[in-house]
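Protein chains in written order, with our numbering: chain A, 101 to 322; chain B, -11 to 186.
Positions of the beta carbon are idealized from the N, C-alpha and C atoms, including for glycine.
Notes follow the structure.
Okay, here's the thing in structure tokens:
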């Protein structure tokens, strides 16, 4: 399928050597939305969870320390920028690199919490993220071997063959695991159960955006 | 449908997710054995045929891309040549030490100390330069996270009170988990006993 059919007319390209970022209405919308959200969280403060204590009238406040707050904010901003980059990239391998960056930053955002359950699920997510290196980069490599190019513009005009479809499927498994969609949602969903709302939310938002973009890429190249 | 309910409950446990993922990935890769695989020879980032440069006796085989630094361009292709106009001009650049080694050894290209300008660098740093930036930023993020954790949670912990509090919290939370596990074990055992009694 041609790129114009899915995202609308191409408004312009940003050439960086062989890696050409392209802008069309769909990608521009996703790009601007994620950047706006990143700007919002970069000026916001974290929430404090208030837990009712059992058997008494006291309450337990779970707050985030200043140091941890700064670290999380930094990583959340990097995550937002990486997601924004993945929205407008026009190169398959570049997309997988953005995906890997988002994965590692997601673990970093929750790495300093003190709840054992959250750390445990972050560890399980880390295991998946490690495994995802193989399908993500392997899938891109299979598609490169089958077609001889990584540029989405070129791939859009090449008819799909079984090897390309297999490469795309392998990549799909990688993206599904790394962004934690069903049936791999549990480890990533448990990571959110900690205070620090706006920064935690970008873990979720980046996965949503990545999935939308990856479906669009799949429709383009197959 | 109690079986589906059980399956959903298993999916909600983070511990099972890496295993499930590994199984699905493994199955897909096994399917890969029956897919016809073949290298499309029409590649942009071409490589010379295996052993051809070795047989020709080139010292920096298999990385020889021809050309002379700033005199004549070597063989490197790009997807969009209009974006990288000076492609190939520094293909054959090597440091003085590399030049010396090349003169000494006919197998310089395959040795561990060889990173001749050539193929790798021109593609990595010129036509696909943005990838290099991203790769190193992934590494940088990993190091930032690891060093931040190391500094704040293992090295710089001078306040005893903090450590004690954290240890207390960790013990309480692991106690809770242990209790839950024990509770579920007890329930399972009861269930088993009931079944056997029947």
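Candidates the options, of which the one nearest residue i by Cα
i	options	result
residue 320 of chain A	A/296, A/292, A/254 and A/278	A/254
residue 227 of chain A	B/132, B/37 and B/9	B/9
residue 69 of chain B	B/1, B/116, B/129 and B/183	B/116
residue 199 of chain A	A/147, A/249, A/191 and A/183	A/183
residue 45 of chain B	B/97, B/119 and B/167	B/97
residue 162 of chain B	A/113, A/189, A/219 and A/139	A/219
residue 235 of chain A	A/196, A/261 and A/222	A/196
residue 312 of chain A	A/186, A/180, A/111 and A/152	A/186
residue 307 of chain A	A/124, A/126, A/134 and A/127	A/134
residue 137 of chain B	A/252, A/298, A/167 and A/143	A/167
residue 13 of chain B	A/111, A/129, A/245 and A/231	A/231
DSSP state of residue i mapped onto helix, strand, coil
i	result
residue 191 of chain A	strand
residue -3 of chain B	helix
residue 122 of chain A	strand
residue 160 of chain A	strand
residue 60 of chain B	strand
residue 76 of chain B	coil
residue 320 of chain A	helix
residue 110 of chain A	coil
residue 308 of chain A	helix
residue 251 of chain A	strand
residue 283 of chain A	coil
residue 27 of chain B	coil
residue 46 of chain B	coil
residue 94 of chain B	coil
For residue i, the first and last residue of its enclosing beta strand (DSSP E)
i	result
residue 152 of chain A	149 to 152
Neighbour flag for residue i against chain B, beta carbons, 8 Å
i	result
residue 167 of chain A	yes
residue 119 of chain A	yes
residue 220 of chain A	yes
residue 204 of chain A	yes
Start and end residues, alpha helix (DSSP H) containing residue i
i	result
residue 239 of chain A	216 to 247
residue 7 of chain B	5 to 19
residue 111 of chain B	Premise fails: residue 111 of chain B is in no alpha helix (DSSP H) and is neither H nor E.
residue 270 of chain A	262 to 279
residue 128 of chain B	117 to 138
CB contact check: residue i to chain A, cutoff 8 Å
i	result
residue 140 of chain B	yes
residue 6 of chain B	yes
residue 21 of chain B	no
residue 31 of chain B	yes
residue 193 of chain B	What the structure shows of chain B is the stretch from -11 to 186, and residue 193 of chain B is not part of that stretch, so it cannot be assessed.
residue 14 of chain B	no
_So if I threshold CB-CB distances at 9 Å, which residues from the segment 149 to 183 of chain A count as touching chain B?_
Listed by position, the residues of the segment 149 to 183 of chain A near chain B (Cβ gap below 9 Å) are 167, 168, 171, 174, 175, 178 and 182.
*Given a limit of 7 Å on CB to CB distance, which residues of the segment 226 to 253 of chain A reach chain B?*
227, 228, 231, 235, 245, 246, 247, 248, 249 and 251
*Any residues in the segment 264 to 286 of chain A with a beta carbon nearer than 7 Å to a beta carbon of chain B? Which ones, in chain order?*
266, 269, 270, 273, 277, 283, 284 and 286
*Which of the residues in the segment 124 to 140 of chain B, read from start to end, lie with their CB under 8 Å from any CB of chain A?*
125, 126, 129, 130, 132, 133, 136, 137 and 140
*Between the segment 73 to 105 of chain B and chain A, which residues of the former have CB atoms less than 7 Å from a CB of the latter, in chain order?*
Here the close residues number zero.
*Give the residues from the segment 206 to 217 of chain A that approach chain C closer than 8 Å (Cβ to any Cβ), ordered along the chain.*
Any reference to chain C falls outside this structure, whose protein chains are A and B.
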